[in-house]
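>
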Amino acid sequence: MAGGMVLVAAGLAFEAAIAAGDGVRVVCGQGTVLAARLQAQLGAPRRAEPGGLPCAGLVSFGTAGGLVDGLRPGDWIVARAVRHGGAVPSGRSRYQAVPCDEAWSLALLRALPRAVHADIAGVSAPVAAAAGKRALHAATGAQAADMESQIVAAAALAHGLPFVCCRVIVDPVERDLPPAALAGSRPDGSVDLPAVLRSLLRNPKQLPALLAVARDANRARQALKAGRRAIGQGFDGMAGS
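Residue numbers (this note's numbering): 7 to 247.
Structure, rendered in structure tokens:
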């Protein structure tokens with residue numbers, strides 16, 4: 007994107023490694039860790055980056071869970087808006103939509119012509135059960151969900167910056183994620199392999215489901231790499247720019 011450094015947020019270390027490139031700065035983490043790291047990079051609104059380059063915008067990049075039947079592992083989704091829950095006086099939850107930057111999103115869609123343009127739901131915890139994924143779609147209209155996009159949206163709003171979300175589906179809507187698949191994620195985005203092994207030892211019967219998750223995760227990783235090349239170094243949707 008012209009006019010400064012693009013700040014890219016990813017939830018997992020392998021996503022951050024794929025996102026890295028000229029013209030971008032990548033932060034990795036989940037929950038409050040990611041929010042703190044974004045704040046540390048942004049500081050005061052539109053603070054100049056080292057070298058005199060202002061932050062031009064924010065990107066939520068990585069994988070997401072599918073919420074509808076039409077999205078399969080390896081499919082791209084570029085968000086139209088991020089939907090996240092907010093409290094209302096009655097105590098019920100409502101989902102608010104934060105629009106992504108339209109022109110920037112359209113540039114990404116040109117770079118990723120097979121991508122779906124739809125809303126993404128930002129969630130604070132993994133949606134592991136198929137029933138929960140379908141319920142989230144029914145409540146929000148979103149077609150995918152991840153745990154970082156709502157944090158990116160909040161940071162962008164606070165600093166008056168444009169933002170976009172581009173994600174690859176890693177688990178389909180019909181899959182119930184096994185506990186071992188959720189056990190290995192640390193708040194800093196690294197993988198806790200001993201935790202995965204402990205979960206498998208407690209319940210070895212989840213191994214076939216975990217292997218299916220691993221196969222789809224590899225498909226998503228390859229799609230993420232290919233799409234990252236197509237997007238271009240500065241995340242402006244123009245490869246080779």
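We put the CB at the ideal spot given by N, CA and C, even for glycine.
Owing to the predicted nature of the structure, the values given are computational and were not obtained by experimental measurement.
Rounded to whole angstroms, what is the Cα-Cα separation between Pro184 and Cys106?
32 angstroms
> Taking 7 angstroms as the threshold (C-beta atoms), are Leu48 and His165 in contact?
yes
> Closer than 6 angstroms: is that where the CB of Asp75 sits relative to any heavy atom of the ligand FAD?
The ligand FAD is not among the ligands present in this structure, which contains no ligands whatsoever.
> Which residues bound the beta strand (DSSP E) around Val33?
Val30 to Cys34
> Taking only the alpha-carbon atoms, compute the straight-line gap between Gly226 and Val84 and give it to the nearest angstrom.
It is Ala, not Gly, that sits at residue 226 in the sequence shown. Their backbone Cα atoms lie some 15 angstroms apart in a straight line.
> Alpha carbon to alpha carbon, what distance is there between Cys61 and Leu73?
Whole-angstrom Cα-Cα distance: 32 angstroms.
> Three-state secondary structure (DSSP) at Gly240?
Coil, per DSSP.
> DSSP state of Ser196, grouped into three classes?
coil
> Between Val197 and Ala25, what straight-line distance do the alpha-carbon atoms span, to the nearest angstrom?
18 angstroms
> Per the DSSP calculation, Gln102 is bridged to which residue(s)?
His90
> Using C-beta distances below 6 angstroms, list every residue in its chain close to Arg235, excluding the 5 sequence neighbours before and after it, in chain order.
None.
> Helix, strand or coil, according to DSSP, for Arg43 in the structure here?
helix
> Which same chain residues, not among the five before or five after Val39, have their C-beta less than 7 angstroms away from its C-beta?
Pro193 and Asp194
> So Asp182 and Ala135 are supposed to be a Cβ contact under 8 angstroms. How far apart are they, rounded?
At roughly 5 angstroms, the Cβ-Cβ gap stays under 8 angstroms, so Asp182 and Ala135 are in contact.
> DSSP state of Asp182, grouped into three classes?
coil
> Are the CB atoms of Ala127 and Arg173 nearer to each other than 7 angstroms?
Against a cut-off of 7 angstroms, the Cβ pair of Arg173 and Ala127 comes out as no contact.
> Are there 16 or more other CB atoms within 10 angstroms of the CB of Gln45, so buried, or fewer, so exposed?
A residue is called buried when at least 16 other Cβ atoms come within 10 angstroms of its Cβ; Gln45 does not meet this threshold and is exposed.
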